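Comments concern the structure below.
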Amino acid sequence: MNTFLPYTLAGGALVILGLTGFILHRHLIRRLLAFNLTGSGCFLVMTGLAQQGQGVDAVPQALVLTGIVVAVSATALALVLIRRWYHLTGLTGLPEDIEPELQQGDNPAEGKTQGAPH
Amino acid sequence: MIDLLLALTLPLVALGVLLARELFRAVVMFIAFGLLMALVWVRLQAPDLALAEAAIGAGLTGVLLLDALGHLRQPHPPGQPLRSLLPLLTILALVLAGALGLVLLGALLEPLQPSVNLPAEVALHIEASGVAHPVTAVLLAFRAWDTLLEVAVILVAVVVGLALRFSHDDAAAESRVSSPLLQGMLSWLLPLMLLVALYLLWIGSYRSGGAFQAAAVMAAMLVLLRLSGQQLPGQNHPLLLRAGLVGGLGTFLLLGSVQLLQGGAFLAWPEQLAGAFILLVETALTFSLALLLYALFEASPAPARKGHPPRTGDQPS
Numbered sequence: 000m001n002t003f004l005p006y007t008l009a010g011g012a013l014v015i016l017g018l019t020g021f022i023l024h025r026h027l028i029r030r031l032l033a034f035n036l037t038g039s040g041c042f043l044v045m046t047g048l049a050q051q052g053q054g055v056d057a058v059p060q061a062l063v064l065t066g067i068v069v070a071v072s073a074t075a076l077a078l079v080l081i082r083r084w085y086h087l088t089g090l091t092g093l094p095e096d097i098e099p100e101l102q103q104g105d106n107p108a109e110g111k112t113q114g115a116p117h
Numbered sequence: 000m001i002d003l004l005l006a007l008t009l010p011l012v013a014l015g016v017l018l019a020r021e022l023f024r025a026v027v028m029f030i031a032f033g034l035l036m037a038l039v040w041v042r043l044q045a046p047d048l049a050l051a052e053a054a055i056g057a058g059l060t061g062v063l064l065l066d067a068l069g070h071l072r073q074p075h076p077p078g079q080p081l082r083s084l085l086p087l088l089t090i091l092a093l094v095l096a097g098a099l100g101l102v103l104l105g106a107l108l109e110p111l112q113p114s115v116n117l118p119a120e121v122a123l124h125i126e127a128s129g130v131a132h133p134v135t136a137v138l139l140a141f142r143a144w145d146t147l148l149e150v151a152v153i154l155v156a157v158v159v160g161l162a163l164r165f166s167h168d169d170a171a172a173e174s175r176v177s178s179p180l181l182q183g184m185l186s187w188l189l190p191l192m193l194l195v196a197l198y199l200l201w202i203g204s205y206r207s208g209g210a211f212q213a214a215a216v217m218a219a220m221l222v223l224l225r226l227s228g229q230q231l232p233g234q235n236h237p238l239l240l241r242a243g244l245v246g247g248l249g250t251f252l253l254l255g256s257v258q259l260l261q262g263g264a265f266l267a268w269p270e271q272l273a274g275a276f277i278l279l280v281e282t283a284l285t286f287s288l289a290l291l292l293y294a295l296f297e298a299s300p301a302p303a304r305k306g307h308p309p310r311t312g313d314q315p316s
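Quick note, the sequences are listed as chains A and B, same order.
Reading the first sequence from the start, the letters are residues 0 to 117 in numbering that gives the first Met the number 0.
Reading the second sequence from the start, the letters are residues 0 to 316 in numbering that gives the first Met the number 0.
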């Protein structure tokens with residue numbers, strides 16, 4: 000068995016885990032973490048898959064290197080946006096995902112339409 | 000064996016990140032995940048990535064997340080989930096993830112039949128690139144376009160981040176750590192970090208290292224300085240800061256256009272001077288990227304005041 004295969008598979012698992020977490024979590028920072036996990040999974044799949052066939056390959060490594068730096072700047076920008084959002088509304092989730100229980104929201108069907116104004 | 004163990008630990012730690020009860024625990028798990036990733040890159044024989052991941056994934060991202068966490072002292076949880084939608088969402092997410100998993104598994108287990116042998120191509124042309132390290136050659140000679148655009152993307156992110164921030168004084172007053180230990184350690188740590196960054200930059204032309212890793216270390220140094228409440232030289236000169244932010248991209252563009260004037264291609268380095276040009280671009284990129292990454296940290300809006308506005312999430316905006 001190839002040394003790189005387990006990591007490629009782990010990368011695939013990370014993509015799936017991250018995607019599921021991204022859909023199911025409501026807290027914005029948790030979503031950001033899940034998104035980053037997906038990104039790391041992509042990097043692993045990219046490098047591992049390329050190296051499985053042809054040995055150590057500098058091209059995907061260089062691309063992933065720029066990818067890591069872009070990922071951290073995207074994360075930082077997302078954090079800026081989340082903090083701004085929190086500062087403005089006091090919320091750490093998006094209104095679309097949250098039951099508007101402060102209003103008269105006992106009726107879930109009604110809450111659903113109100114929660115998604117767009 | 001060690002590969003199997005590491006590859007198994009990675010999704011487990013990721014699960015830990017996703018399932019952790021407290022947000023703080025999730026963030027700490029995520030930092031641990033970054034360190035694990037650095038180890039994985041070593042096992043994948045990508046020391047450049049290991050360096051970058053250790054400095055960025057574990058260091059810089061951790062600081063950013065913890066800093067944000069400290070400012071999001073939430074009085075109440077993010078709100079009740081949409082009870083009516085939750086089962087549907089869960090099923091949908093699981094179905095989606097399952098389908099994606101099957102497709103990925105099929106793709107991963109099928110042997111690749113690439114038509115071009117990239118490692119051989121890189122080895123063939125590395126003489127002409129002006130540097131001896133393949134990753135640096137790919138970054139700044141063979142695929143310089145990617146690198147140029149990547150720097151541009153980061154610049155755009157920083158511009159957006161800076162546009163969103165609050166006034167200077169707010170932020171400066173709040174994020175300051177006053178610990179005698181930190182102040183004492185600074186005079187030891189800072190010269191060391193600077194030395195490591197410059198070493199990484201210089202070594203990039205023939206071994207693992209280069210502008211990105213050096214920039215990450217340097218950005219960490221700036222963040223540390225900022226957290227300890229030190230005044231950065233030139234901190235109050237917005238023009239100087241802006242010049243630093245665009246300096247890397249500008250130098251890259253300028254030097255990349257030199258061949259253009261002589262009828263060559265954009266981003267093609269002059270044959271005799273390729274090594275020198277790449278080193279110049281890398282140096283400019285190191286300082287500029289460090290400033291860019293630091294600016295994104297600096298751009299974080301000030302924490303909410305004690306009497307922050309009541310939650311208005313249920314009003315359609």
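Virtual Cβ for every residue (Gly too), placed ideally from N, Cα, C.
All values derive from a computational prediction rather than experimental measurement.
Through-space distance from residue j to residue i, alpha-carbon basis
i, j, result
"L27(A)", "L78(A)", "9 Å"
"L138(B)", "L87(B)", "45 Å"
"A33(A)", "G58(B)", "18 Å"
"D56(A)", "L36(A)", "23 Å"
"L4(B)", "G40(A)", "17 Å"
"P190(B)", "W84(A)", "38 Å"
"L7(B)", "F265(B)", "45 Å"
"A213(B)", "T65(A)", "13 Å"
"L240(B)", "L17(B)", "38 Å"
"H132(B)", "L80(A)", "38 Å"
"G262(B)", "V115(B)", "29 Å"
"D313(B)", "R82(A)", "Annotation note: pLDDT 38 at D313(B) (below 50); position unreliable, coordinate value reported separately. Computed Cα separation, rounded: 19 Å."
"L18(A)", "E126(B)", "42 Å"
"L181(B)", "T89(B)", "45 Å"
"L68(B)", "R24(B)", "11 Å"
"M217(B)", "V94(B)", "44 Å"
"L101(B)", "Y205(B)", "41 Å"
"S178(B)", "S227(B)", "8 Å"
"L90(A)", "L259(B)", "52 Å"
"W268(B)", "V257(B)", "8 Å"
"H124(B)", "R20(B)", "52 Å"
"Y6(A)", "L238(B)", "46 Å"
"A273(B)", "V130(B)", "8 Å"
"L199(B)", "S207(B)", "8 Å"
Where residue i sits in the DSSP three-state scheme
i, result
"N35(A)", "helix"
"L9(B)", "helix"
"S128(B)", "helix"
"G203(B)", "coil"
"T7(A)", "helix"
"E52(B)", "helix"
"S178(B)", "coil"
"T60(B)", "helix"
"H70(B)", "helix"
"T91(A)", "coil"
"Q112(B)", "coil"
"A171(B)", "In this prediction, A171(B) has a pLDDT of 48, which is less than 50 and means its spatial position is unreliable; what the coordinates show is noted afterwards. A171(B): helix per DSSP, three-state reduction."
CB of residue i within 8 Å of CB of residue j, strictly
i, j, result
"G56(B)", "I15(A)", "no"
"R51(A)", "A45(B)", "Per the sequence shown, the amino acid found at residue 51(A) is Gln instead of Arg. No; because the gap between Cβ atoms is not below 8 Å, this pair is not in contact."
"A196(B)", "T250(B)", "no"
"P10(B)", "A12(A)", "yes"
"G209(B)", "T146(B)", "no"
"G61(B)", "G33(B)", "yes"
"A219(B)", "M192(B)", "yes"
Candidates the options: closest to residue i by CA position
i, options, result
"A294(B)", "A151(B), S204(B) and A156(B)", "A156(B)"
"L4(A)", "R25(A), G54(A), L87(A) and V63(A)", "G54(A)"
"V63(A)", "A37(B), L14(B) and I125(B)", "A37(B)"
"V27(B)", "L226(B), V39(B) and V12(B)", "V12(B)"
"L254(B)", "L272(B), F276(B) and E270(B)", "F276(B)"
"V39(B)", "F286(B), A49(B) and I30(B)", "A49(B)"
"V245(B)", "L154(B), V134(B) and F29(B)", "L154(B)"
"A162(B)", "L93(A), L76(A) and T91(A)", "L76(A)"
"L14(B)", "H124(B), F29(B), L107(B) and I1(B)", "F29(B)"
"A9(A)", "L107(B), W268(B), F141(B) and L84(B)", "L107(B)"
"A289(B)", "L223(B), Q230(B) and A143(B)", "L223(B)"
"L292(B)", "A215(B), L278(B) and E281(B)", "A215(B)"
"S186(B)", "L148(B), Q229(B), W201(B) and T285(B)", "Q229(B)"
"M0(B)", "R42(B), L22(B), H70(B) and L35(B)", "R42(B)"
Closer than 7 Å: residue i CB and nearest the ligand NAD heavy atom
i, result
"T146(B)", "Absence of the ligand NAD from the depicted structure is noted, as is the absence of any ligand whatsoever, leaving it without description."
Min CB distance residue i to chain C below 8 Å
i, result
"F34(A)", "Reference to chain C is not applicable here, since the protein chains of this structure are A and B."
- Message: List, from N- to C-terminal side, the alpha helix (DSSP H) runs of 4 residues or more that fit wholly inside the stretch 235-307 of chain B.
- Response: 237-255, 257-260 and 273-297
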